[in-house]
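Since the structure comes first, as structure tokens, the remarks are kept for the end.
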Amino acid sequence: MTGTFTPAPGRAATRTVVGRQIRMELLLTARRGEAVVLAMGVPLLVLLGAGLTRATNLPTGNRLGYVVPGVLALTVMSTAFTGQAITTGYERSYGVLKRLGASPLTRPGLLFAKTAAILCLVALQLLVLAAVGVAVGWRPEFGQVLPALGVTVLATAAYSGLALWIASLLRPETVTAAATLIYVLMLAAGGIMFAAPDLGAAGHFLLPLAAHAEALRNTLTAGTAVPGGVWAGLGLWAAGSLTAAARGFRWE
Amino acid sequence: MVVRYGGTTAVYGVSLTVPRGRVLALLGNNGAGKTSLLQVCEGFRRPDGGAARVLGLDPVADHDALMPRIGIMLQSGGVYPWATVGEILRLFASFAAHPLDTGMLLDRLGLRTVEKTRWRRLSGGEQQRLALAVALVGRPELVFLDEPTAGMDTEARHTTWQLIEELRADGVSVLLTTHLLDEAERLADHVVIMRSGVVAATGTPAELTAVAGIDLLEVHADAGLPIATLATGRPGLTATEDASGEYTISGTLDSAGIAAVLTWFADTGAQVTAVNTRRRTLEDVYLALTAKVLR
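So the sequences go chain by chain: W and C. Just so you know, the first sequence maps onto residues 1 to 252 in the working numbering. Just so you know, the second sequence maps onto residues 1001 to 1295 in the working numbering.
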């Protein structure tokens, strides 16, 4: 004789658990659609403003060829780092992370689901921005698209780990302020509208946004390979930030 | 188990065991250490002394193995504010290998009408019921319920109590915290009364309320009987005339004790017009324990 609540515990298949969590993350992102559009607002303004006018000094005559890849890199940072850090900070303060921690979803499962959902969102935003770029006259090269995608995935992972890590360290209000400040600083110094400060090879390691933007300009505008220093720099950032996130991530 | 927050000790050396298929209630005021104790059992904190074993596992080290087997109802929050009731419950159902039917749970907990309502628009009682549904949906062996009926109206509270009784009948072990004495008295096989981080009393509700000297007998009879003589030679009893013709006898009132009291009244030749027995409630025990500290 078994009743309604007779125990039958167990975790669903990992693919199901993580898949359903990714779905929930994307559903909630879609529900904040206005935030997603706003997150693309600044990159669009930069694209049109710096790409089509002589508002800023660029180290090249091909303004769109310089600005559009930079804007793509900026969008990746905006979504994977700033947006995600703020969202995760508030999820912690709402107790959502604690509730998930008290469920069969594991910590690596949650980190994976969050990063995967961000990758989907980044892909969508990049397609839209690249289409706008092409519409106003950007003519990308396609020979090096795969390496371009590769560095973009690395950059997304690096930002995502960094976002989850700082969301674990600070109060949500502080996370919001810090993530926004970093975004503005990178917008100015990250080699998007202006040339990045020339730090030589060290720049690839110090400014991940500038490194990512440079790699996208090399591949998509010039059709040349991704510099080795960029692979190394972004790879280090991704490994370091994901390790920090996995170690430092707190459910509460 | 010992739990400290900075310089403050929330739980000083508490030991307890929940037998399988039984309901244990942790009873205590705010700040008694109930939630701290649960946090350790749920693996959100490491104890500062002692250890917790849940289903034979370490809640922190064996977190991933333990979570699918237990159901946790947190005291507040814990849900995406922009997700609907149905979406949240189905998400947690999808994490389980053999989940309960989510529609059945929504019906049982009176949440069907708010299935498409976003969490932040729910009343406090509805949020609590959803939290309970989330705790149960994975068909756990053991559930931790932190103040499960806080913020619920009377009807929802009774529904929840029936549900907890059904959990017990179906073999689910329950550890719940409450500051509601009637809740503990009705649901629990075993009650642990906590006060300022220590166990003040423990036992079944019957044991806690049947400590010697706590049952009362109220007898209405002729006024002015020499009631003091009733206790003479019966050290277990005390007797007083509270109002004219209304006598209160307390003490060891087992069958022989009651017989002795009534025999005494018969021997005086008085006419007894009413005899009331009053069992001490858990509330009396609880207030007596609290009073000791205040004194």
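Yeah, the Cβ is synthetic: ideal placement off N, Cα and C, and Gly gets one too.
Where does G1006/C fall in DSSP's three states?
Coil at G1006/C, not helix or strand.
When you compare only the Cα positions, how much space is there between V1011/C and L1145/C?
Computed Cα separation, rounded: 18 Å.
Return the Cβ separation of T75/W and M40/W in integer angstroms, given the expectation that the two are a contact with Cβ distance under 8 Å.
Yes, T75/W and M40/W are in contact; Cβ-Cβ is about 7 Å, under 8 Å.
Mapping the DSSP letters down to three states, classify E1241/C as helix, strand or coil.
The answer is strand: DSSP assigns E1241/C an E or B state.
Between the C-alpha atoms of L1057/C and S160/W, what's the straight-line distance to the nearest angstrom?
Taking the straight line joining both Cα atoms gives about 32 Å.
Can you give the Cα-Cα distance for I22/W and A167/W, rounded to whole angstroms?
Between I22/W and A167/W, the C-alpha separation is close to 19 Å.
For the beta strand (DSSP E) containing F1144/C, name the first residue and the last one.
First-last of the beta strand (DSSP E) with F1144/C: L1142 to D1146.
Candidates L1026/C, T1009/C, G1006/C and M1001/C: which alpha carbon is nearest H989/C's?
One cannot answer for residue 989/C here, as it falls past the ends of chain C, which runs 1001 to 1295.
Under 8 Å: do the region 1092 to 1110 of chain C and the region 102 to 120 of chain W share three or more Cβ pairs, one atom per stretch?
The answer is yes - the region 102 to 120 of chain W touches the region 1092 to 1110 of chain C, with three or more Cβ pairs under 8 Å.
If you pair each beta-carbon of the region 72 to 90 of chain W with each one of the region 143 to 161 of chain W, do three or more pairs fall below 8 Å?
With a cut-off of 8 Å, the region 143 to 161 of chain W and the region 72 to 90 of chain W count as touching, because enough Cβ pairs lie within range.
Which runs of the alpha helix (DSSP H), 4 residues or longer, sit entirely within the region 1060 to 1104 of chain C?
Counting only runs of 4 or more, we get 1063 to 1066 and 1085 to 1094.
At 9 Å on the CB atoms, spell out the chain C contacts of R247/W, in chain order.
Here the premise fails: no neighbours, minimum Cβ distance about 15 Å.
On a CA-only basis, which of T1277/C, A1274/C and G1050/C is nearest L1016/C? Give me that one, please.
For the residues T1277/C, A1274/C and G1050/C, the minimum Cα distance to L1016/C belongs to G1050/C.
Given that E1042/C touches chain W, what residues does it touch there, using C-beta distances under 7 Å?
Chain W residues near E1042/C: A102.
Using the rule of at least 16 other Cβ atoms within 10 Å of the residue's Cβ for burial, across every protein chain shown, is F5/W buried or exposed?
Result: buried.
Skipping 5 residues on each side, what residues in its chain have a beta carbon closer than 7 Å to that of L72/W?
So the qualifying residues of the chain are L126, L129, A130 and L216.
Using a Cβ-Cβ cut-off of 8 Å, state whether R20/W counts as contacting chain C.
Yes, R20/W counts as interfacial toward chain C.
Below 8 Å on the Cβ atoms is my guess for A195/W versus L52/W; work out the distance and round it to an integer in Å.
With a Cβ gap of about 18 Å, A195/W and L52/W do not count as contacting.
Since E1141/C meets chain W, which of its residues come closer than 7 Å, beta carbon to beta carbon?
Correct list: P7 and P9.
Taking just the CA atoms, how far does F81/W sit from P147/W?
Answer to the nearest angstrom: the Cα atoms are 21 Å apart.
In chain order, what residues of the same chain have a beta carbon less than 7 Å from the beta carbon of G223/W, not counting five sequence neighbours either side?
Here the set comprises E141, G143 and Q144.
Where does I1193/C fall in DSSP's three states?
In this structure, I1193/C counts as strand in the three-state DSSP scheme.
Pull up the distance between the alpha-carbon of T1009/C and that of G1031/C, whole angstroms please.
One C-alpha to the other measures close to 11 Å.
Under 9 Å, CB to CB, which of the residues in the region 1135 to 1165 of chain C have a partner in chain W?
Cβ contacts with chain W: A1135, L1136, G1138, R1139, P1140, E1141, L1142, F1144 and L1163.
Under the rule that 16 or more other beta-carbon atoms within 10 Å means buried, what is Y183/W, buried or exposed?
So Y183/W ends up on the buried side.
If you measure between the beta carbons of R1279/C and T1209/C, is that distance less than 8 Å?
Yes, Cβ-Cβ distance for R1279/C and T1209/C is below 8 Å.
Which partner residues of T1277/C appear in the DSSP bridge assignment?
DSSP lists L1217/C as partners of T1277/C.
In three-state terms, what does DSSP make of T243/W?
Helix at T243/W.
Which chain C residues sit within Cβ distance under 8 Å of M24/W?
Those within 8 Å of M24/W in chain C are Y1080, A1083, E1087 and L1091.
For a cutoff of 8 Å on Cβ pairs, would you count L105/W as touching chain C?
Yes, contact with chain C.
Is the CB-CB distance between T1160/C and L1132/C below 8 Å?
Result yes, Cβ atoms of T1160/C and L1132/C sit closer than 8 Å.
Below 7 Å CB to CB, which residues in the same chain sit around T180/W once its five sequence neighbours on both sides are set aside?
Excluding sequence neighbours, T180/W sits near T82.
Spatial neighbours of L244/W within its chain, please: CB distance less than 8 Å, with the 5 preceding and 5 following residues excluded, ordered by chain position.
In the sequence on display, residue 244/W carries Ala and not Leu. Same-chain partners within the cutoff: G161, L162 and W165.
Find the nearest neighbour of T2/W within the set L1167/C, V1003/C and G1245/C, judged by alpha-carbon distance.
Cα-wise, what sits closest to T2/W is L1167/C.
Could one say the Cβ of L1057/C lies closer than 8 Å to chain W's Cβ atoms, at least one of them?
Not closer than 8 Å to any Cβ of chain W, the Cβ of L1057/C fails to qualify, so no.
Can you give me the C-alpha to C-alpha distance between G1071/C and K98/W, rounded to a whole angstrom?
Their Cα atoms are separated by approximately 13 Å.
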